[in-house]
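Residue numbers (the numbering used here), protein chains in the order written: chain A, 1 to 271; chain B, 1001 to 1253.
All C-beta atoms in this analysis are idealised placements derived from N, C-alpha and C, irrespective of residue type, glycine included.
The next block holds one structure in the form of structure tokens; read it before the comments.
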């Protein structure tokens, strides 16, 4: 057996194997800057240069979190926000996938709905908030529908692009086997387009979360956004910061969760 | 003829929708309140034009977007380049960057409003932040994925690291930077309108729409939505054309 050139490790000997402690330091250095920022924040807050309406210490934020958690206020607002997100996402994603399939597979649908779809897609969801408020009031309908809108367009687009990206050979084979439309969609089109669709779902979910928080900030009597807005009006910066951190954590969890799902679902792909 | 028919099929649905809107608006006062008749949208448009309110709002929003985009994108390019060039900077900033990135920019508005008030500075800060985050990601990708052969040439020519950055890495990163700029533009525009919706002082399309919402002036809201959509589309088109022009030396595509 001859060894190919690419297999030879050309790194200097000192870099070949890292000692365990160095690897640990390596890992640990990722924590360095966040910890440093926390320490700096605590120091500045304890100096008292800024009034407590402007800057509170990390400890105060933790205490506010604890209070909000134990009083059940945080959980209740979280439940409201997440249920709105869930309902809106379910509506938007299911209609988006259906519409995307139709748009990609049928020339007629494309001809009639395509231009309208491409035009409406350009309008940022945030800009529609005042319009939706006037049309649907400030109640649940408005918040669920704005999430639905935020989810529908990216999912429909990803679905139709994903399906259009399916190689023509697959359709040819399906035609040769005289696959019925149902089976064509279920067994050929969906598996081939699934990675694109799931990526679209992930993007849509993060976007929907942002839009939901924004509309709760603007008009709501419950939900995380409203909790933050109340905190702002009462100059409770600790409550505002708890809200911002929870929003970030949930956004991260949603994105990360779908990324994991993507990895698990498409392990068979060698990308 | 055939091409004409094919084209016009796309118009059927929009025309039907507009007709339905107009029809609903004529079903009594309660409906006309939400679905304003087309004639009053046109009237509102000419009013807004004549009073100059529309133009002032558009200019204010565009100005805010541009200054925020400029600050955020420049900072983003510098930070992204620094992260790809120096491991130290990467180690120091990257965890912080990825943590802060998780918070939706619009969720930060209350915090920024508490710290910086609701004036122009706070809004530009929000827009710059919105432009900054996508820019860093793309700039870093661009600066670190440079053709190995080009870097070897730089080593052979004994370029200093500064020369290498400007003459080798920057041109190689240009496509990624322009992609980043397009993302940053979209985020900047949305967050500019968003910040105007929340922070009600000053001029801007968002302010115009928010005032219209409190006054139940659906016609103004509709005009605002149309303007935001059109301007966003136009800016995106302009920037991608500009990008193609700037990248014409690449020769491909």
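#1: Does any heavy atom of the ligand COA sit closer than 7 angstroms to the C-beta of residue 201 of chain A?
#2: Using CA atoms only, rank isn't needed, just tell me which of A:46, A:221 and A:123 is closest to residue 1232 of chain B.
#3: Note down, in chain order, every chain B residue with its Cβ under 9 angstroms from the Cβ of residue 54 of chain A.
#4: In the DSSP assignment, the alpha helix (DSSP H) including residue 1213 of chain B goes from what residue to what residue?
#5: In chain B, what lies closer than 7 angstroms to residue 226 of chain A by C-beta?
#6: Which residues of chain B have a Cβ atom closer than 7 angstroms to the Cβ of residue 29 of chain A, listed in chain order?
#7: If I measure Cβ to Cβ from residue 1085 of chain B and keep anything under 8 angstroms in the same chain, skipping five residues before and after, which residues do I get?
#8: Listing by chain order, which chain A residues have their CB less than 7 angstroms from the CB of residue 1104 of chain B?
#9: Taking all protein chains shown into account, do 16 or more other C-beta atoms lie within 10 angstroms of the C-beta of residue 1018 of chain B, making it buried, or fewer, making it exposed?
#10: Distance, Cα to Cα, residue 1191 of chain B vs residue 184 of chain A?
#11: Is it the case that the region 63-78 of chain A contacts the region 234-251 of chain A, given that we only count it when at least three CB pairs across the two stretches are under 8 angstroms?
#12: Start and end of the alpha helix (DSSP H) containing residue 130 of chain A?
#13: Please decide whether residue 163 of chain A counts as near chain B, where near means a Cβ-Cβ distance under 8 angstroms.
#14: Who are the Cβ neighbours of residue 1205 of chain B in its own chain at under 7 angstroms, not counting the five residues just before and after it?
#15: Once you ignore the five residues that flank residue 1021 of chain B on each side, which residues in its own chain have a CB closer than 6 angstroms to its CB?
#16: Would you kindly work out how many angstroms separate the C-alpha atoms of residue 285 of chain A and residue 1009 of chain B, rounded to a whole number?
#17: Since residue 1236 of chain B and residue 1199 of chain B are thought to touch, with beta carbons under 8 angstroms apart, how far apart are those beta carbons, to the nearest angstrom?
#18: Whose CA, out of B:1221, B:1106 and B:1239, lies closest to the CA of residue 1042 of chain B?
#19: With DSSP as the reference, label residue 244 of chain A as helix, strand or coil.
#20: Could one say the Cβ of residue 1213 of chain B lies closer than 8 angstroms to chain A's Cβ atoms, at least one of them?
#21: So what's residue 69 of chain A in DSSP terms, helix, strand or just coil?
#22: Taking only runs of the alpha helix (DSSP H) that begin and end inside the region 1022-1050 of chain B, which ones reach a length of at least 4 residues, in chain order?
#23: May I ask you to verify whether the region 163-180 of chain A touches the region 225-240 of chain A, counting CB pairs closer than 8 angstroms and requiring at least 3?
#24: Grouping DSSP H, G and I as helix and E and B as strand, with all else coil, what is residue 1179 of chain B?
#25: Is the shortest distance between the beta-carbon of residue 260 of chain A and the beta-carbons of chain B less than 8 angstroms?
#26: Using only CA atoms, which one of A:137, A:217, A:247 and A:263 lies nearest to residue 1216 of chain B?
#27: Under 8 angstroms: do the region 1127-1147 of chain B and the region 1082-1097 of chain B share three or more Cβ pairs, one atom per stretch?
#28: Looking at residue 265 of chain A and residue 220 of chain A, is the spacing between their C-beta atoms short of 8 angstroms?
#29: Could you give the first and the last residue of the continuous alpha helix (DSSP H) run that contains residue 1147 of chain B?
#30: Please report whether the beta-carbon of residue 113 of chain A lies at a distance below 8 angstroms from any beta-carbon of chain B.
#31: Nearest-angstrom Cα distance between residue 173 of chain A and residue 203 of chain A?
#32: If you pair each beta-carbon of the region 1063-1077 of chain B with each one of the region 1122-1129 of chain B, do three or more pairs fall below 8 angstroms?
#33: What do you get for residue 209 of chain A, buried or exposed, if any count of 16 or more other CB atoms within 10 angstroms of its CB means buried?
#34: Using a cut-off of 9 angstroms between C-beta atoms, extract the partners of residue 1064 of chain B located in chain A.
#35: With DSSP as the reference, label residue 233 of chain A as helix, strand or coil.
#36: Please return the same chain residues whose Cβ sits closer than 7 angstroms to the Cβ of residue 85 of chain A, not counting the five positions on each side in sequence.
Taking the coordinates as given:
#1: With respect to small molecules bound, the structure shown includes none, and the ligand COA cannot be examined in it.
#2: It is A:123.
#3: Under the 9 angstroms cutoff, chain B gives 1114 and 1115.
#4: Here the alpha helix (DSSP H) through residue 1213 of chain B covers 1205-1214.
#5: Neighbours of residue 226 of chain A on chain B: none; closest Cβ ~11 angstroms, over 7 angstroms.
#6: The CB of residue 29 of chain A comes closer than 7 angstroms to the CB of 1091 in chain B, given here in chain order.
#7: Taken in chain order, the residues that qualify are 1143, 1161, 1165 and 1169.
#8: Among the residues of chain A, those whose CB is under 7 angstroms from the CB of residue 1104 of chain B are 209, 210, 213, 247 and 251, following chain order.
#9: Answer is exposed; the Cβ neighbour count stays below 16.
#10: When rounded, the distance between both Cα atoms is 42 angstroms.
#11: With a cut-off of 8 angstroms, the region 63-78 of chain A and the region 234-251 of chain A count as touching, because enough Cβ pairs lie within range.
#12: Its alpha helix (DSSP H) spans residues 125-136.
#13: Answer no: the Cβ-Cβ gap between residue 163 of chain A and chain B never drops below 8 angstroms.
#14: Closer than 7 angstroms at Cβ, skipping near neighbours: 1057, 1058, 1061, 1193, 1196, 1224, 1227 and 1228.
#15: In its chain, beyond the 5 residues on either side, 1035 have a beta carbon closer than 6 angstroms to the beta carbon of residue 1021 of chain B.
#16: For residue 285 of chain A there is no data in the structure shown, the boundaries of chain A being 1 and 271.
#17: Between residue 1199 of chain B and residue 1236 of chain B the Cβ distance is about 25 angstroms, and since that is not below 8 angstroms, they are no contact.
#18: Sorting B:1221, B:1106 and B:1239 by C-alpha distance to the C-alpha of residue 1042 of chain B places B:1221 at the top.
#19: Note: residue 244 of chain A maps to helix in three-state DSSP.
#20: It does: the Cβ of residue 1213 of chain B has a partner Cβ on chain A nearer than 8 angstroms.
#21: The three-state reading of DSSP puts residue 69 of chain A in helix, counting H, G and I together.
#22: Segments of the alpha helix (DSSP H) lying fully in the region 1022-1050 of chain B: 1029-1034.
#23: Contact between the region 163-180 of chain A and the region 225-240 of chain A is absent, with fewer than three C-beta pairs closer than 8 angstroms.
#24: DSSP places residue 1179 of chain B in helix when its eight states are reduced to three.
#25: No, residue 260 of chain A does not count as interfacial toward chain B.
#26: Nearest C-alpha to residue 1216 of chain B: A:137.
#27: Judged by Cβ distances under 8 angstroms, the region 1127-1147 of chain B makes contact with the region 1082-1097 of chain B, as three or more pairs qualify.
#28: In this structure, residue 265 of chain A does not lie closer than 8 angstroms to residue 220 of chain A by Cβ.
#29: For residue 1147 of chain B, there is no enclosing alpha helix (DSSP H), as DSSP marks it with neither H nor E.
#30: So, interface residue.
#31: Taking the straight line from one Cα to the other gives about 32 angstroms.
#32: They touch, by the three-pair rule.
#33: Buried is the call here.
#34: Within 9 angstroms Cβ-Cβ: nothing; residue 1064 of chain B doesn't reach chain A, min ~14 angstroms.
#35: In the structure shown, residue 233 of chain A sits in a helix (DSSP, three-state: H, G or I).
#36: Within its own chain, the residues whose Cβ lies closer than 7 angstroms to the Cβ of residue 85 of chain A, once the five positions on either side in sequence are excluded, are 147, 208, 209 and 212, listed in chain order.
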